Amino acid sequence: MKGTNLGEFEELVLLMVGNLHGNAYGITLLEALTERTGRKITISSVHTALYRLEEKGFLRSEMGGASQTRGGRTKRLYVLTAEGHTALVQTRELRDSLWGTLPDLGFK
Numbered sequence: 003m004k005g006t007n008l009g010e011f012e013e014l015v016l017l018m019v020g021n022l023h024g025n026a027y028g029i030t031l032l033e034a035l036t037e038r039t040g041r042k043i044t045i046s047s048v049h050t051a052l053y054r055l056e057e058k059g060f061l062r063s064e065m066g067g068a069s070q071t072r073g074g075r076t077k078r079l080y081v082l083t084a085e086g087h088t089a090l091v092q093t094r095e096l097r098d099s100l101w102g103t104l105p106d107l108g109f110k
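Counting in this note's numbering, the sequence shown tops out at residue 110, every number present.
Laid out in C-alpha cells, this is it:
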C-alpha cells in the first residue's frame, strides 16, 4: 500500500464516497463536493484523488451498469474500504486531539 497520509482534499473525497454509499462516481462526487464545500472543483481533481485513494487501498472501484442518460456508457463506482474507514477515523482522532490542545487565544 502506498503512503497512508491523507491530504485535506483526499479526506473530503473519502468522506463523500462514504456518504454516497453505493452511488459514488466522478460526477456525483464533483456535484456533492462542490455543493457541500462551496469550492470550485474540477472533475480532473476528483478523478486524480480517486485514483490515488484507490492506489492507497482506501477505496475500491467496480464498473456499474450502462445507462440511457450516459449514452450507454458505464460508470466507475467507488466504495470505501475498511482501510479507508480506518484512515478517516485516525485522521479525525488526530484533528480532535489537536483541537483539544488549542488554548483559548481570545479570538471571537
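Where a beta carbon is used, it is the ideal one built from N, C-alpha and C, also for glycine. All of these numbers come straight from a predicted model, not from anything done at the bench.
Problem set entry | R62 (DSSP reduced to helix, strand or coil) | Counting from one through the sequence shown, the residue named residue 62 turns up at place 60. Strand at R62.
Problem set entry | Residue ranges of each alpha helix (DSSP H) within the segment 11-59, 4 or longer | You should have 28-39, 45-58.
Exercise. Using the C-alpha atoms, what's the distance from L16 back to G40?
Worked result: Counting from one through the sequence shown, the residue named residue 40 turns up at place 38. Counting from one through the sequence shown, the residue named residue 16 turns up at place 14. Between G40 and L16, the C-alpha separation is close to 17 Å.
Exercise. From L100, V91, E56, pick the residue whose C-alpha is nearest to that of Y27; which is it?
Worked result: Within the sequence shown, residue 27 is the residue found at index 25, counting from 1. Distance from the Cα of Y27 is smallest, within the candidate group L100, V91, E56, for E56.
Exercise. What does DSSP give as the partner residues of L79 in its beta bridges?
Worked result: Taking the first residue of the sequence shown as position 1, residue 79 is located at position 77. Answer is E64, bridged to L79.
Exercise. If you compare alpha carbons, which of T83, R97, P105, V81 is closest to G9?
Worked result: As a first step, residue 9 must be located in the sequence shown, where it is residue number 7. If we check each option's Cα against that of G9, R97 comes out closest.
Exercise. In whole angstroms, what is the alpha-carbon distance linking S47 and N21?
Worked result: Taking the first residue of the sequence shown as 1, we reach residue 47 at position 45. Taking the first residue of the sequence shown as 1, we reach residue 21 at position 19. Put simply, the backbone Cα of S47 is about 19 Å away from that of N21.
Problem set entry | Straight-line Cα distance separating L104 from L61 | Taking the sequence shown and counting its residues from 1, the one referred to as residue 61 is at position 59. Taking the sequence shown and counting its residues from 1, the one referred to as residue 104 is at position 102. Taking the straight line joining both Cα atoms gives about 32 Å.
For this session: Using a threshold of 8 Å, state whether the C-beta atoms of L31 and V19 are closer than that.
Result: Position 29 of the sequence shown, counting from 1, holds the residue named residue 31. Position 17 of the sequence shown, counting from 1, holds the residue named residue 19. Contact flag set, yes.
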